[in-house]
Amino acid sequence: MSDTNLIVQELKTTLPADVKPEYKTMLDNIQEKMPAVSQATSNFHKSHSQFMGVTLDVTAITPIRSVKHTLAEIDRTRGALQEAYISMRKKENELKKKTRELKSCEDELDRELLDIEILELQGHLENTKNSVQGAIRKMSFFTNQYEKLMKHIGKEELTEEDYELEEARYHIMTCMKQALNSARPRNGTIDEGNMIYLFDLGINAAQAQAEVFGYLQWENKIISEGKAPTHAHTMQWLEACADKWASCPAEFANSRGFDIYDPTSVTNVPQLEAAE
Numbered sequence: 680m681s682d683t684n685l686i687v688q689e690l691k692t693t694l695p696a697d698v699k700p701e702y703k704t705m706l707d708n709i710q711e712k713m714p715a716v717s718q719a720t721s722n723f724h725k726s727h728s729q730f731m732g733v734t735l736d737v738t739a740i741t742p743i744r745s746v747k748h749t750l751a752e753i754d755r756t757r758g759a760l761q762e763a764y765i766s767m768r769k770k771e772n773e774l775k776k777k778t779r780e781l782k783s784c785e786d787e788l789d790r791e792l793l794d795i796e797i798l799e800l801q802g803h804l805e806n807t808k809n810s811v812q813g814a815i816r817k818m819s820f821f822t823n824q825y826e827k828l829m830k831h832i833g834k835e836e837l838t839e840e841d842y843e844l845e846e847a848r849y850h851i852m853t854c855m856k857q858a859l860n861s862a863r864p865r866n867g868t869i870d871e872g873n874m875i876y877l878f879d880l881g882i883n884a885a886q887a888q889a890e891v892f893g894y895l896q897w898e899n900k901i902i903s904e905g906k907a908p909t910h911a912h913t914m915q916w917l918e919a920c921a922d923k924w925a926s927c928p929a930e931f932a933n934s935r936g937f938d939i940y941d942p943t944s945v946t947n948v949p950q951l952e953a954a955e
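According to my numbering, the stretch in the sequence shown is residues 680 to 955, in order.
As structure tokens, this is what we get:
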């Protein structure tokens, strides 16, 4: 029985005698329809839909970053699931103890208090179970997405080296995505924040500005011809930007005395094999 039904039953028996009769009718109506409402509500009990999970939560623009963010979602959900499960077990234990106390309790007021505490625990327990079920569905979804992503990039496992080597493309594409989106409402001009981002990546801002102008002009030309530019066109342009400037971050880092990647300071399969 749901916690709402338990509360409704309690209210029906404890309402003052002078309460208006329509309230009892309302409680009967709630009790009758609550099973269907509870069933419908069980479809939720999670923070976001699957659609939001892959479009608004995991927004990384490159494949390995997408894997990283997906794994982060799995790990966060695993932690929340573990906490909820432990909380559920504790509440189940408390409920058993209170029920045992109630059986042996003789004082009327103590029995009443135990009844209230049991009702409260049953409500908390149901809410926790709902959270656990939602977390299980979310974790299952992202686990399946992880498997699909790995197939998409053609890998059975990822190393820290894979992640490090994709970082330049990820940041170039992310920066240019933001630069393009900031330029659309600014007459084609990249905003200051992304200009700074470009500088930190070792990319000349004038070149980037020219790329953005050129792409926006191409879009306007396509539209003027009665055609429609697509999201795929934008992704192709971002990939081309990453190809063009892939070496810029490392060159800038080297000019400052840094190595952008140190293979001796990561955990990866080739390094472990070499050490054996």
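From the three backbone atoms N, C-alpha and C, an ideal C-beta is built for every residue, glycine too.
Keep in mind that this is a model prediction, so the values were computed, not measured.
Around the C-beta of residue i, are 16 or more other C-beta atoms found within 10 angstroms, so that it is buried, or is it exposed?
{"i": "residue 951", "result": "Confidence at residue 951 is low in this model, with a pLDDT of 48, below 50, so its placement is unreliable and the value that follows should be read with caution. Burial call: exposed."}
{"i": "residue 897", "result": "exposed"}
{"i": "residue 696", "result": "exposed"}
{"i": "residue 714", "result": "exposed"}
{"i": "residue 878", "result": "exposed"}
{"i": "residue 869", "result": "buried"}
{"i": "residue 820", "result": "buried"}
{"i": "residue 956", "result": "Since the displayed the chain opens at 680 and closes at 955, residue 956 lies outside it and no answer follows."}
{"i": "residue 934", "result": "exposed"}
{"i": "residue 887", "result": "buried"}
{"i": "residue 862", "result": "buried"}
{"i": "residue 903", "result": "exposed"}
{"i": "residue 694", "result": "exposed"}
{"i": "residue 737", "result": "buried"}
Excluding sequence positions up to five away, which residues of its chain have a Cβ less than 8 Å from the Cβ of residue i?
{"i": "residue 743", "result": "832, 837, 841, 842, 845, 849"}
{"i": "residue 814", "result": "725, 756, 759, 760, 763"}
{"i": "residue 630", "result": "The requested residue 630 is not part of the displayed model; the chain covers only 680 to 955."}
Which residues bound the alpha helix (DSSP H) around residue i?
{"i": "residue 803", "result": "787-832"}
{"i": "residue 760", "result": "742-783"}
{"i": "residue 928", "result": "927-934"}
{"i": "residue 848", "result": "839-862"}
{"i": "residue 894", "result": "884-903"}
{"i": "residue 676", "result": "This structure cannot settle anything about residue 676, because the visible part of the chain is limited to 680 through 955."}
{"i": "residue 881", "result": "Segment: none, residue 881 is in no alpha helix (DSSP H) and carries neither H nor E."}
Give the C-beta separation of residue i and residue j to the nearest angstrom, bearing in mind that I take them to be a contact with Cβ-Cβ under 8 Å.
{"i": "residue 710", "j": "residue 687", "result": "5 Å"}
{"i": "residue 809", "j": "residue 724", "result": "4 Å"}
{"i": "residue 777", "j": "residue 793", "result": "6 Å"}
{"i": "residue 770", "j": "residue 800", "result": "6 Å"}
{"i": "residue 753", "j": "residue 825", "result": "7 Å"}
{"i": "residue 858", "j": "residue 891", "result": "6 Å"}
For residue i, collect the residues of the same chain with a Cβ closer than 7 Å to its Cβ; drop the 5 residues on either side in sequence, then sort them by chain order.
{"i": "residue 930", "result": "881"}
{"i": "residue 706", "result": "687, 690, 691"}
{"i": "residue 856", "result": "740, 917"}
{"i": "residue 854", "result": "873, 876, 877, 880"}
{"i": "residue 946", "result": "839"}
Give the single residue among the options whose Cα lies nearest to the Cα of residue i.
{"i": "residue 749", "options": "924, 822, 891, 902", "result": "822"}
{"i": "residue 924", "options": "796, 814, 883, 899", "result": "883"}
{"i": "residue 867", "options": "885, 901, 851, 853", "result": "885"}
{"i": "residue 936", "options": "805, 857, 928", "result": "928"}
{"i": "residue 851", "options": "945, 943, 773, 922", "result": "922"}
{"i": "residue 920", "options": "829, 894, 805", "result": "894"}
{"i": "residue 839", "options": "941, 730, 702", "result": "941"}
{"i": "residue 827", "options": "807, 733, 908", "result": "733"}
{"i": "residue 803", "options": "901, 700, 773, 900", "result": "773"}
Please list, in chain order, all residues of the same chain as residue i whose beta carbon is under 6 Å from its beta carbon, the five residues on each side excluded.
{"i": "residue 864", "result": "none"}
{"i": "residue 768", "result": "none"}
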